[in-house]
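Engineer: Dropping the structure in here first, questions after.
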Amino acid sequence: MITKSYSLFLKDIKSELRTRYAINALVMFILVAISVILFSIGNEKIQPELTAGLYWVVIFFSAMSGLSRAFVSEEEKGTTLTLQLIASPDTIFSGKLLFNLILTFFINVIITLIYAAFFEGFVINNFVLFLVTFIFGNIGLAISSTIIASIIAKAGSKGTLYPVLSFPVLLPLILTCVQLTIFCFDGTSFANALYELAIVVSYDGIMITVSYLLFDFIWKE
Amino acid sequence: MNSYSLEIKNLSKNFGRRLIFQNINYSISSNTVLGISGNNGSGKSTFMKIIAGVLSPNKGQIVHLLNGIKITGDELFNHIGFVSPYLILYEEFSAEENLKIFSKIRGIKYDSEYIRMLFGKMNLYNRRKDIVKTYSSGMKQRLKYVFALMHKPGLLLLDEPTSNLDSEGKDSVYTILDEYSKNHIVIIASNEEQDLRMCGDIIYLENYK
Amino acid sequence: MYWKIFLFVLMAFVSIAGITFPIVDKPSVWYEFPFIPGLGENAKIIFFHVPTAWLTVIAFLMSCIYGFRYLKNKNLNDDVKAYVANQLGIIFCILATVTGAVWAKFAWGAFWSWDPRQTSIFALLLIYGAWFALRSSIESEEKRATLSSVYSIIAFVTVPFFIFIMPRIMTGLHPGSADDETSGPIVNFKMNENMLLIFFLSLIAFTILYFWMWNIGYKSILIKEKLQKNIEVVRDSIFNG
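Here the protein sequences come in this chain order: S, X and C. Start counting at 1 in the first sequence, then tack on 15, and there's your number in my numbering. Start counting at 1 in the second sequence, then tack on 444, and there's your number in my numbering. Start counting at 1 in the third sequence, then tack on 506, and there's your number in my numbering.
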């Protein structure tokens with residue numbers, strides 16, 4: 016199943032590279048969002064709590080503008096039936112999830128680099144903790160966004176509904192990740208952050224289980 | 445020789461609270477062509493999608509058997525070929541790329557000899573490297589036959605098999621079907637006289653309201 | 507019939523008792539409530555606010571259960587039941603949020619202060635809102651039922667996380683929450699027996715009321731659908747001679 020999902024992932028990458036506009040628009044979206052924040056801050060010195068919060072706000076909205084494509088583009092092109100005829104639901108979900116995982120990491124590496132360069136408060140004192148938060152936070156974000164994207168695609172509505180549906184589902188993850196990011200700024204030790212990390216990891220675990228169980232129902236009309 | 449058989453038991457489908465059809469019982473095995481006929485909106489496409497396993501019925505079940513062994517839902521897609529006007533292939537890729545991608549996602553070998561033969565029969569061989577977007581609707585329809593037959597499915601489902609095709613295209617479809625139906629099941633949903641003439645038996649969906 | 511009268515009497519008693527029974531320093535008669543430091547007369551909200559919050563959660567749980575049943579049996583009646591449960595759920599959710607906010611203005615000095623339970627009820631409000639937004643965007647009945655059932659379940663599994671993270675992120679202001687040193691755990695925060703009794707009576711009364719409303723709600727929708735179907739049949743037969 017892994018090679019099949021991987022082939023589906025390659026197909027999406029190839030298709031994305033041919034049409035390309037999604038990636039370009041996404042990178043521009045990140046730049047615009049961060050510049051709005053930078054302009055509004057001006058020369059103020061902002062609290063680490065606020066920096067961490069703004070960091071995850073940008074991550075959330077960038078994810079919302081990019082991650083629905085995995086399923087919505089199939090629905091727009093009318094190729095959903097074709098996919099149903101060539102692969103099992105598990106394969107499709109895995110392939111799309113892989114695509115969104117790569118995209119999430121790509122987006123968030125860019126966001127993190129920009130934040131590190133332009134925000135004074137964005138100084139990471141516990142790098143290992145940040146890395147672990149970043150990885151597990153992104154995995155959770157990708158999983159929830161993928162399953163909600165499949166709902167959105169089937170509902171036939173593309174734009175505004177996506178963040179509306181995703182936000183309550185992502186809220187526990189984002190709140191915990193904001194807290195963890197503050198810990199990274201504080202230099203809180205890894206051991207003291209274990210409770211929050213456990214929440215993020217169990218969120219990832221539960222969401223992936225539920226997603227695989229429910230995707231069949233979404234996919235098969 | 446593989447023998448494929450299909451048992452339709454008590455099949456019923458509603459859309460919302462509207463009944464489409466009910467209590468369809470039928471069994472067929474290899475070497476048959478079954479026709480599905482009915483007015484527009486009588487549920488021909490719905491029936492085909494249910495057989496293909498992409499739509500679930502409200503009641504009843506469909507059992508697919510390969511050499512007497514039940515095919516599970518997860519593997520069903522590899523035993524089915526599907527052609528219909530509302531099936532759309534990836535337009536940003538060429539015909540050949542499409543088929544190569546499909547065989548990879550299916551997890552089967554890309555049988556280039558066989559596929560070249562199919563391209564030849566559907567009269568697309570010279571255009572196989574062109575992007576599908578540039579195809580006419582008739583050519584797209586022909587390409588769907590290559591798509592449907594490339595993995596040698598035991599069950600071939602054709603929803604309006606000759607729509608958009610010129611008379612030459614229709615002839616090649618009928619030739620292929622003649623040959624294919626010898627060892628496989630073919631189900632045709634259509635209202636065209638000419639299509640239904642191929643069928644050994646015909647289900648009229650109006651009779652199952 | 508009898509249980510309706512019983513419910514009426516119960517509701518009337520709970521309302522009157524909850525509002526009018528006096529709060530005194532040392533309760534001596536059965537109808538007197540004890541004084542709780544820091545709450546005073548404000549404590550009476552517990553008889554009305556807590557049941558609405560409780561019903562919000564019950565409705566949420568029920569929509570999840572009926573969503574699950576719909577996915578299993580594909581029976582549209584289950585979807586109607588989930589829909590009505592959510593309709594009531596969002597009403598009680600708004601009531602809980604508003605009563606809570608009004609109370610908070612007098613007890614804590616602000617309508618809203620992102621206390622853990624305020625944040626949780628807000629998250630529930632968002633989920634309810636998203637659920638209805640999703641439903642209104644889908645035309646086909648079956649698709650609507652399937653997708654909203656799936657969303658109910660996904661949202662349901664994320665809710666427990668709030669319970670674990672909230673206390674770590676923000677300090678609690680609610681009576682009975684971990685940071686509140688003036689009182690113990692929620693239900694026995696120095697409520698005496700008669701206060702507890704009225705509290706639980708109120709909880710029972712509101713729960714019965716909820717199930718009654720839910721029952722009427724989904725039955726009326728089912729009857730409406732049946733009638734529409736019959737009207738169509740009659741109309742067809744007239745037109746077809």
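Even for Gly, the Cβ is constructed at its ideal location relative to N, Cα and C. Only a predicted model underlies this, so the values are computations on that prediction, with no experimental measurement involved.
#1: Whole angstroms is fine: what's the gap from A102 of chain S's alpha carbon to E557 of chain X's?
#2: Kindly identify the DSSP beta-bridge partner or partners of P540 of chain C.
#3: State the DSSP-derived secondary structure class of D742 of chain C, mapped to helix, strand or coil.
#4: Closest Cβ-Cβ distance between I515 of chain X and chain S: below 7 Å?
#5: Please state the DSSP three-state secondary structure of Q62 of chain S.
#6: Can the beta-carbon of S708 of chain C be found less than 7 Å from the beta-carbon of V520 of chain C?
#7: When you check each C-beta in the region 168-198 of chain S against every C-beta of chain C, which residues fall closer than 9 Å?
#8: Helix, strand or coil: which one does DSSP assign to N694 of chain C?
#9: For I163 of chain S, which residues from the same chain have a beta carbon less than 6 Å from its beta carbon, with the 5 sequence-adjacent residues on both sides left out?
#10: Can you look up T203 of chain S in the DSSP assignment and give me helix, strand or coil?
#11: Taking only runs of the alpha helix (DSSP H) that begin and end inside the region 484-524 of chain X, which ones reach a length of at least 4 residues, in chain order?
#12: Using a Cβ distance threshold of 8 Å, determine whether the region 108-120 of chain S contacts the region 76-92 of chain S, with at least three qualifying pairs required.
#13: For Y227 of chain S and A168 of chain S, I'd like the C-alpha separation in whole angstroms.
#14: Please state the DSSP three-state secondary structure of I452 of chain X.
#15: Please state whether the Cβ-Cβ distance between N153 of chain S and T175 of chain S is less than 7 Å.
#16: In the structure shown, what three-state DSSP assignment does A616 of chain C receive?
#17: Give me the chain S residues within the contact set of A636 of chain C, using Cβ-Cβ distance strictly less than 9 Å, ordered along the chain.
#18: State the DSSP-derived secondary structure class of T94 of chain S, mapped to helix, strand or coil.
#19: What does a CB cutoff of less than 7 Å around N548 of chain C pick up in its chain, not counting 5 residues either side in sequence?
#20: Can you list, in chain order, the stretches of the alpha helix (DSSP H) that have 4 or more residues and sit fully within the region 571-638 of chain X?
#21: Go ahead and pull the three-state DSSP assignment for L709 of chain C.
#22: How far does the beta strand (DSSP E) with N469 of chain X in it reach, from first residue to last?
#23: Provide the residue span of the beta strand (DSSP E) that contains Y648 of chain X, from first to last.
#24: On the three-pair Cβ rule with 8 Å, is the region 209-222 of chain S touching the region 140-160 of chain S?
#25: Label W71 of chain S either buried or exposed according to how many other C-beta atoms from any shown protein chain fall within 10 Å of its C-beta, with 16 as the threshold for buried.
#26: My output table needs one value for G551 of chain X: the three-state DSSP class, helix, strand or coil.
#27: Indicate the three-state DSSP secondary structure (helix, strand or coil) for I139 of chain S in the structure shown.
#28: Measure from the alpha carbon of L582 of chain C to the alpha carbon of each residue in C:L561, C:E648, C:W536, C:I596, then state which is nearest.
#29: Under a CB-based cut-off of 7 Å, is N736 of chain C close to chain X?
#30: Would you please state the rounded distance, in angstroms, between the beta carbons of L543 of chain X and T97 of chain S? I believe it to be under 8 Å.
#31: Tell me whether Q585 of chain X is buried or exposed, calling it buried when 16 or more other Cβ atoms sit within 10 Å of its Cβ.
#32: Would you tell me roughly how many angstroms separate the C-alpha atoms of I506 of chain X and I646 of chain X, rounded to the nearest one?
#33: Is the beta carbon of I233 of chain S closer than 7 Å to that of S165 of chain S?
#34: For S30 of chain S and E536 of chain X, what's the separation of their Cα atoms in angstroms?
#35: For the region 120-138 of chain S against the region 568-575 of chain X, do three or more pairs of beta-carbon atoms, one drawn from each stretch, fall closer than 8 Å, so that the two count as touching?
#36: Which residues of chain S have a Cβ atom closer than 8 Å to the Cβ of V656 of chain C, listed in chain order?
Structural biologist: According to the data block:
#1: Residue numbering aside, residue 102 of chain S sits at position 87 when the first sequence is read from its first letter. Residue numbering aside, residue 557 of chain X sits at position 113 when the second sequence is read from its first letter. Near 23 Å, if we compare the C-alpha coordinates of E557 of chain X and A102 of chain S.
#2: Counted from its first residue, the third sequence places residue 540 of chain C at position 34. In the DSSP output, where bridge partners are listed per residue, P540 of chain C has C:V530.
#3: As a first step, residue 742 of chain C is located in the third sequence; it is residue number 236 there, counting from the start. It is helical.
#4: Counting from one through the second sequence, the residue named residue 515 of chain X turns up at place 71. No - not a single Cβ of chain S is within 7 Å of the one on I515 of chain X.
#5: As a working note, residue 62 of chain S is residue 47 in the first sequence. In this structure, Q62 of chain S counts as coil in the three-state DSSP scheme.
#6: In the third sequence, residue 708 of chain C corresponds to position 202, counting from 1. In the third sequence, residue 520 of chain C corresponds to position 14, counting from 1. It is a contact, given that the beta carbons lie within the stated cut-off.
#7: Taking 9 Å as the cut-off between beta carbons, the residues of the region 168-198 of chain S near chain C are K169, A170, G171, S172, T175, L176, V179, L180, S181, F182, P183, V184, L185, L186, P187, L188, L190, T191, V193, Q194, in sequence order.
#8: Against the third sequence, residue 694 of chain C aligns to sequence position 188. A caution first: N694 of chain C carries a pLDDT of 43, below 50, which makes its placement in the model unreliable, though a value can still be read off. Here N694 of chain C sits in coil by DSSP.
#9: Within the first sequence, the letter at position 148 stands for residue 163 of chain S. Cβ within range, chain order: L180, S181.
#10: On the first sequence, position 188 is the one that residue 203 of chain S refers to. Annotated three-state conformation of T203 of chain S is coil, per DSSP.
#11: 488-496
#12: yes
#13: As a working note, residue 227 of chain S is residue 212 in the first sequence. As a working note, residue 168 of chain S is residue 153 in the first sequence. Going from the Cα of Y227 of chain S to the Cα of A168 of chain S covers about 17 Å.
#14: As a first step, residue 452 of chain X must be located in the second sequence, where it is residue number 8. In the structure shown, I452 of chain X sits in a strand (DSSP, three-state: E or B).
#15: Looking up residue 153 of chain S in the first sequence gives position 138. Looking up residue 175 of chain S in the first sequence gives position 160. No, these two residues do not count as a Cβ contact at 7 Å.
#16: Sequence index remark: in the third sequence, residue 616 of chain C carries index 110 (1-based). Of the three classes helix, strand and coil, the one that applies to A616 of chain C here is coil, per DSSP.
#17: By one-based count along the third sequence, residue 636 of chain C stands at place 130. Under the 9 Å cutoff, chain S gives L176, V179, L180, S181, F182, P183, V184.
#18: By one-based count along the first sequence, residue 94 of chain S stands at place 79. In this structure, T94 of chain S counts as coil in the three-state DSSP scheme.
#19: Looking up residue 548 of chain C in the third sequence gives position 42. Here the set comprises W609, F612, A613.
#20: 581-593, 611-624
#21: Reading the third sequence from its first residue, position 203 is the one you call residue 709 of chain C. Correct three-state label for L709 of chain C: helix.
#22: As a first step, residue 469 of chain X is located in the second sequence; it is residue number 25 there, counting from the start. Where N469 of chain X is concerned, the enclosing beta strand (DSSP E) stretches over 462-473.
#23: Counting from one through the second sequence, the residue named residue 648 of chain X turns up at place 204. Here the beta strand (DSSP E) through Y648 of chain X covers 645-648.
#24: yes
#25: Walking along the first sequence from the start, residue 71 of chain S turns up at place 56. So W71 of chain S counts as buried.
#26: Reading the second sequence from its first residue, position 107 is the one you call residue 551 of chain X. Reduced to three states, the DSSP call for G551 of chain X is coil.
#27: Residue 139 of chain S sits at position 124 when you count from the first residue of the first sequence. Coil.
#28: Here residue 582 of chain C refers to the residue found at position 76 when the third sequence is read from its first residue. Nearest C-alpha to L582 of chain C: C:E648.
#29: For the purposes of this step, residue 736 of chain C is taken as the residue at position 230 of the third sequence. Cβ-Cβ to chain X under 7 Å: no for N736 of chain C.
#30: Looking up residue 543 of chain X in the second sequence gives position 99. Looking up residue 97 of chain S in the first sequence gives position 82. In this structure L543 of chain X is not in contact with T97 of chain S, their Cβ atoms being roughly 12 Å apart against a cut-off of 8 Å.
#31: Here residue 585 of chain X corresponds to residue number 141 of the second sequence, with the count starting at 1. Looking at its Cβ environment, which holds 16 or more other Cβ atoms inside 10 Å, Q585 of chain X is buried.
#32: By one-based count along the second sequence, residue 506 of chain X stands at place 62. By one-based count along the second sequence, residue 646 of chain X stands at place 202. For I506 of chain X and I646 of chain X, the distance between alpha carbons rounds to 18 Å.
#33: What you label residue 165 of chain S is simply residue 150 of the first sequence in a count that begins at 1. What you label residue 233 of chain S is simply residue 218 of the first sequence in a count that begins at 1. In this structure, I233 of chain S lies closer than 7 Å to S165 of chain S by Cβ.
#34: Within the first sequence, the letter at position 15 stands for residue 30 of chain S. Within the second sequence, the letter at position 92 stands for residue 536 of chain X. The alpha-carbon atoms of S30 of chain S and E536 of chain X are separated by roughly 7 Å.
#35: No: the two stretches stay apart, fewer than three of their Cβ pairs being nearer than 8 Å.
#36: Taking the third sequence and counting its residues from 1, the one referred to as residue 656 of chain C is at position 150. The contacting residues are I166, L229, F232, I233.
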